[in-house]
Structures are given as C-alpha cells and as structure tokens.
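Engineer: Got a structure for you, written out below as structure tokens; questions coming shortly.
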Amino acid sequence: MQPTITESPFDKQSAQKYVKKKLDEALHEALWELWYIDADKLSALTCMSKRWLEDEIFCDVRMRAIEVRKVKKRWWPAKEAREVMKEITSDW
Numbered sequence: 027m028q029p030t031i032t033e034s035p036f037d038k039q040s041a042q043k044y045v046k047k048k049l050d051e052a053l054h055e056a057l058w059e060l061w062y063i064d065a066d067k068l069s070a071l072t073c074m075s076k077r078w079l080e081d082e083i084f085c086d087v088r089m090r091a092i093e094v095r096k097v098k099k100r101w102w103p104a105k106e107a108r109e110v111m112k113e114i115t116s117d118w
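In our numbering, the protein residues as written are 27 to 118.
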C-alpha cells in the first residue's frame with residue numbers, strides 16, 4: 027500500500043502578502059542604515075506624526091544632544107537616533 031500524497035493548493039495571495047511583508051521589513055532595516063535622518067523620514071519610519079515627534083521626542087535633551095543643525099534644517103545620526111528613541115519610548 028502506497029502512502030497518499032496530498033498537496034495543498036498554492037495560495038497566491040498569501041504568498042504575495044508574505045513576500046511584501048518581508049520586503050517591507052528589509053527596506054525598513056535598510057533605511058536605518060542611513061547616515062543621517064530628518065524629521066520627515068523619522069515620521070515615516072515610526073508612524074508618528076511630525077508634530078507629535080516635535081512635542082515628545084525632539085524636545086528631549088538626548089535627541090537635542092545628537093542633533094545636527096544647519097540654518098533651519100535638522101538631522102540626526104540614524105543609528106544614534108534609533109537608540110535614543112528606544113530609550114525615550116521605554117521610559118513611558
């Protein structure tokens with residue numbers, strides 16, 4: 027008696043969702059490899075509004091300590107900003 031092999035049908039939609047999710051994760055990690063990051067990019071990466079970031083994150087002394095400013099534009103070293111934001115949000 028031979029064992030029966032049952033194959034589940036290939037679910038194209040779930041495969042596409044899985045691939046999209048993995049690509050989004052890889053892109054998210056790659057973006058954090060930037061040297062510097064600005065408020066717009068931080069807002070997009072964290073899903074936090076710019077105004078909320080201004081009120082809760084950017085005013086923190088730890089973020090101000092790593093801020094790089096030229097005229098009205100501000101940047102933060104990406105890796106340091108990520109770590110500081112982790113510290114700030116873990117205090118909540």
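Ideal placement from N, C-alpha and C gives every residue a C-beta, glycine not left out.
1) Does DSSP put K43 in a helix, a strand or coil?
2) Taking the alpha-carbon of I114 as reference, which of Q42, R88, K48 and E51 has the nearest alpha-carbon?
3) Count the other CB atoms, across all protein chains shown, that sit within 10 Å of the CB of V110; report buried if there are 16 or more and exposed otherwise.
4) Quick test of your reading: T62 and W118, contact by CB under 8 angstroms. State the CB separation rounded to the nearest angstrom.
5) Kindly indicate which residue of K67, S75 and S116 has the alpha-carbon position closest to the one of P103.
6) Terminal residues of the continuous alpha helix (DSSP H) containing V87?
7) Thinking just about the alpha-carbon of each residue, which of K96, L53 and E106 is nearest to the one in A70?
Structural biologist: So, to answer that:
1) Residue state, collapsed to three classes: helix.
2) Answer by Cα proximity: R88.
3) V110 is classed as buried because its beta carbon has at least 16 other beta carbons within 10 Å across all chains shown.
4) One detail in the question is off: residue 62 reads as Tyr in this sequence, not Thr. Wrong, their Cβ atoms sit about 26 angstroms apart, outside the cutoff.
5) Among K67, S75 and S116, the Cα nearest to that of P103 is on K67.
6) Per DSSP, V87 is one residue of the alpha helix (DSSP H) stretching across V87 to I92.
7) Minimum Cα distance to A70 is reached at L53.
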